[in-house]
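The sequence shown: position 153 = 153 (UniProt numbering), numbered continuously.
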Amino acid sequence: MKLWRSVVGKLWITILLLVSFVLFILTILLLEFFQNYHINEMERELTQTAKKISRIIDEHERDVALEISWELVDDVTEVVIVMNKNEYYYSPVEKQVIKLPISYLTEEPDLQKVLTEDKMVKKKATLNNHIETNSDESKVLIIGAPLKESTSTNGAVFLYQSLEVMEETTRTTTKFIFLAAFIAIILTTIFAFFLSTRITAPLRKMREAAFEVARGKFDTKVPFTSQDEIGQLAIAFNQMGKKLKFNMNALSQEKEQLASILSGMADGVITFNKDGTILITNPPAEQFLHSWYYEQEEENMDTDAVPSKVMELFQLAVSTEKEQVGEISIQGRFWVMIVSPLYSNKLIRGAVAVIRDMTEERQLDKLRQDFIANVSHELRTPIAMMQGYSEAIVDDIASTDEEKKEMASVIYDESLRMGRLVNELLDLARMEAGHVQLMMEEMEVTPFLHKIVRKFQGLAKEKNIQLDLRLSDQPLRLHFDPDGIEQVLTNLIDNAIRHTPDMGKVIVSERSDDRGLYIEVEDSGSGIPEEDLPFVFERFYKADKARTRGRSGTGLGLAIAKNIINAHKGRISVQSKVGQGTTFSFFIPRNLG
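Spelled out as structure tokens, the structure:
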């Protein structure tokens with residue numbers, strides 16, 4: 001840092017300029033005072049001496065008077081006594097600096113008044129080369145006093161003295177003042193640096209402490225050793241740091257609390273900046289955007305793009321400053337969006353969108369109505385077949401034992417089908433009631449998955465389908481119910497093979513992280529229509545609306561799979577596109593406690 005930019009330099013320059021200005025004014029005033037004082041003193045002394053000489057000449061004989069007169073003046077003062085026009089006397093000096101001619105004294109207009117008007121005169125004269133001097137130009141002070149009438153008429157006493165003596169005294173005084181000014185400036189500089197050091201030393205500590213506070217070290221303290229303004233500033237700084245730490249901790253707690261609330265909300269929350277960029281999202285909102293990215297075939301999940309409907313509601317909320325409500329359908333699920341403007345004082349700084357999945361609520365009534373219809377539909381066919389074949393046997397329509405045996409076999413199969421349906425309904429009801437009992441074991445995931453996939457290799461080859469297993473490089477041991485997870489995977493792989501055409505592909509992939517185990521079953525089959533996606537985990541859901549008998553199943557497998565995964569405190573989901581395939585994925589956490 002340059003000196004003149006620092007507080008020390010600024011304070012030093014300020015004090016130096018102030019002292020220099022004061023010394024300059026004081027020097028001018030002192031020089032003027034000394035010059036006037038010396039001139040006045042010289043005039044007074046010369047005037048008194050001239051009067052004394054005039055009185056001595058009047059009272060004593062000429063020789064005695066002249067001798068006394070010469071004794072009254074010093075070496076720098078010269079005397080000329082003019083008795084008359086032809087009689088005059090110069091004082092005897094060893095070294096005469098200036099010798100004024102008698103003609104100049106008696107003929108100069110101002111000096112002539114002492115002879116003609118008989119009064120005291122004084123004159124400051126500048127002498128040049130026409131007058132005998134030891135220098136080219138000299139300044140003298142001339143005092144003239146008339147002689148008494150008893151002594152002479154038209155006589156006078158002239159005393160003159162060079163002003164060089166006074167000017168030399170003035171120069172000496174000036175040098176002394178300049179020396180004093182130089183010493184004052186030096187002392188001022190020392191004092192300024194000492195004072196500024198006393199001021200800037202705590203300021204430097206405060207600056208260092210401010211940088212530490214800016215880095216987040218709010219416990220930084222500034223020591224204060226005085227009770228002046230700087231000490232009070234240090235106390236205020238320490239109080240500010242303490243208050244800032246308290247406020248930052250409060251803000252941090254509020255932020256953590258807000259983050260916990262957002263992450264724990266069942267509804268999705270998206271906060272937008274004023275220009276429409278996303279600031280904050282919670283897990284349900286991220287799941288909503290993930291589904292939209294999948295539908296839009298977006299591979300980059302970090303994009304800031306949002307559905308056009310959401311952006312439209314955002315723009316309306318910002319422009320009208322009113323809450324906006326809308327709906328959007330993604331992957332067969334219905335989402336209700338409420339977009340409200342956010343204010344900073346009275347200015348809009350963005351908006352917040354609350355996204356609620358209303359699929360279950362909207363379909364709840366439909367599921368209640370469809371449940372009885374589905375159960376009736378599933379039971380009607382086997383009951384009708386059992387009734388028809390029973391009547392055929394009773395009415396002896398079957399003429400041979402083989403026909404009766406065949407009819408009885410159909411009745412037996414349909415009864416087994418009804419029993420399986422009832423058992424699955426009971427199992428499902430027991431699971432949904434929370435009475436499912438998991439037999440937890442620590443299992444190695446890789447051999448477990450190999451065993452299940454190997455079980456379906458024959459069926460896959462029979463249908464000319466490629467069944468692959470993709471495993472992560474890291475071996476994993478995890479606690480779960482092997483029978484339950486095997487039932488889930490069996491259902492998912494069986495469904496994938498059944499809905500995948502010849503030359504298709506089914507891929508079972510596994511990956512894990514610190515949270516738990518992720519398993520995906522992906523097929524290249526016909527896919528699930530978007531309007532059916534919300535119902536795949538409901539009872540009696542079948543992708544085949546014709547509900548062909550035989551291998552089509554009861555439609556309870558996915559509902560049971562979902563309850564098994566929920567009992568493991570995991571989650572299961574599906575993503576699908578018609579004509580491209582379906583991906584079922586489920587997650588089992590490491591910590592099931």
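The beta-carbon is built from N, C-alpha and C at its ideal position, and this holds for glycine as well.
No experiment lies behind these values; they were computed from the predicted model shown.
Report task. Compare the beta carbon distance of residue 148 and residue 63 with 8 Å and say whether it is the shorter of the two. Result -> no
Requested in this report: Could you say if the segment 312-325 and the segment 289-298 meet the contact criterion of at least three C-beta pairs nearer than 8 Å?
Outcome: no
Requested in this report: Please state if the CB of residue 85 and the CB of residue 106 are separated by a distance shorter than 8 Å.
Outcome: The Cβ atoms of residue 106 and residue 85 lie closer than 8 Å to each other.
**Report entry** Where the beta strand (DSSP E) through residue 469 begins and ends
**Finding:** It spans 466-470 - the beta strand (DSSP E) in which residue 469 sits, taken as one unbroken run.
**Report entry** Buried or exposed (CB count within 10 angstroms, at least 16 for buried), residue 414
**Finding:** A buried status is given to residue 414, since no fewer than 16 other beta-carbon atoms sit within 10 Å of its beta-carbon.
Query raised in the report: Rounded C-beta distance between residue 50 and residue 157? I'm assuming under 8 Å.
Result: That pair is a contact at about 5 Å.
Report task. Taking 8 Å as the cut-off, decide whether the C-beta atoms of residue 533 and residue 585 are in contact. Result -> Cβ distance not < 8 Å, so residue 533 and residue 585 don't count as in contact.
Report task. Given a cut-off of 8 Å, decide if residue 127 and residue 98 are closer than it, judged by their beta-carbon atoms. Result -> It is a contact, given that the beta carbons lie within the stated cut-off.
**Report entry** Distance between residue 231 and residue 217 (C-alpha atoms, nearest Å)
**Finding:** 21 Å
Query raised in the report: Which residues mark the beginning and the end of the beta strand (DSSP E) in which residue 121 is found?
Result: 121-127
Requested in this report: Verify whether the separation of the beta carbon atoms of residue 159 and residue 82 is less than 8 Å.
Outcome: Taking 8 Å as the Cβ cut-off, residue 159 and residue 82 do not qualify as a contacting pair.
Query raised in the report: By Cβ distance below 8 Å, which residues in the same chain neighbour residue 582 in space, the five residues on each side in sequence not counted?
Result: 496, 499, 522, 523, 525, 527, 528, 574, 575 and 576
Query raised in the report: How long is the line joining the alpha carbons of residue 47 and residue 39, rounded to whole angstroms?
Result: Computed Cα separation, rounded: 12 Å.
Requested in this report: Flag this pair as yes or no: are the beta carbons of residue 485 and residue 506 separated by less than 8 Å?
Outcome: no
Query raised in the report: Exposed or buried, what is residue 549 when buried is set at 16 or more other beta-carbons lying within 10 Å of its beta-carbon?
Result: With a pLDDT of 40 at residue 549, under the threshold of 50, the modelled position of this residue cannot be trusted, and the question is left open.
Query raised in the report: Does the beta-carbon of residue 382 have 16 or more other beta-carbons within 10 angstroms, so that it is buried, or is it exposed?
Result: buried
Requested in this report: Taking only the alpha-carbon atoms, compute the straight-line gap between residue 408 and residue 402 and give it to the nearest angstrom.
Outcome: For residue 408 and residue 402, the distance between alpha carbons rounds to 10 Å.
Query raised in the report: For residue 410, which residues from the same chain have a beta carbon less than 7 Å from its beta carbon, with the 5 sequence-adjacent residues on both sides left out?
Result: Listed in chain order, the non-local C-beta contacts of residue 410 below 7 Å within the same chain comprise 385 and 389, local neighbours out to five positions each way being set aside.
Query - Enclosing beta strand (DSSP E) for residue 161 [first to last residue] - result: For residue 161, the enclosing beta strand (DSSP E) covers residues 156-162.
**Report entry** Cβ neighbours of residue 591 in the same chain (closer than 7 Å, five flanking residues each side left out)
**Finding:** none
Query - Pairwise C-alpha distance: residue 195 and residue 18 - result: For residue 18 and residue 195, the distance between alpha carbons rounds to 15 Å.
Query raised in the report: Ordered along the chain, which non-local residues of its own chain (more than five positions away) have a Cβ less than 7 Å from that of residue 24?
Result: Cβ within range, chain order: n/a, list empty.
Query raised in the report: Pairing CB atoms from the segment 238-255 with CB atoms from the segment 326-337, are three or more of them under 8 Å?
Result: Because the criterion of three Cβ pairs below 8 Å is not met, the segment 238-255 and the segment 326-337 do not touch.
Query raised in the report: Can you tell me whether DSSP reads residue 456 as helix, strand or coil?
Result: Of the three classes helix, strand and coil, the one that applies to residue 456 here is coil, per DSSP.
Query raised in the report: If we count Cβ pairs, one from each stretch, closer than 8 Å, do we get three or more for the segment 350-364 versus the segment 262-280?
Result: The segment 350-364 is in contact with the segment 262-280.
Query raised in the report: Which residue from 471, 279 and 439 puts its Cα closest to that of residue 453?
Result: It is 471 whose Cα lies nearest to the Cα of residue 453.
Report task. Check the DSSP bridge columns for residue 335 and list the partner residues they point to. Result -> Beta-bridge pairing links residue 335 to 328 and 357.
Query raised in the report: Buried or exposed: which applies to residue 54, given that a residue is buried once 16 or more other Cβ atoms fall within 10 Å of its Cβ?
Result: buried
Query raised in the report: Quick one: is residue 77 buried, meaning 16 or more other Cβ sit within 10 Å of its Cβ, or exposed?
Result: buried
Query raised in the report: Just curious, the alpha helix (DSSP H) that residue 281 is in, first and last residue?
Result: No alpha helix (DSSP H) contains residue 281, which is instead part of the beta strand (DSSP E) from 278-281.
Query raised in the report: Which residues share a DSSP beta bridge with residue 441?
Result: DSSP, once it has assigned bridges, lists 480 as partnering residue 441.
Query raised in the report: Opposite residue 523 in the DSSP bridges: which residues?
Result: 506 and 582
Query raised in the report: Exposed or buried, what is residue 357 when buried is set at 16 or more other beta-carbons lying within 10 Å of its beta-carbon?
Result: So residue 357 ends up on the buried side.
Report task. Tell me whether residue 500 sits in a helix, a strand or coil according to DSSP, three-state version. Result -> coil
Query raised in the report: With a Cβ-Cβ cutoff of 8 Å, do residue 165 and residue 144 count as a contact?
Result: no
Query raised in the report: If you measure from the CB of residue 251, is any heavy atom of the ligand SAH nearer than 7 Å?
Result: As far as ligands go, the structure on display features none, and thus does not contain the ligand SAH.
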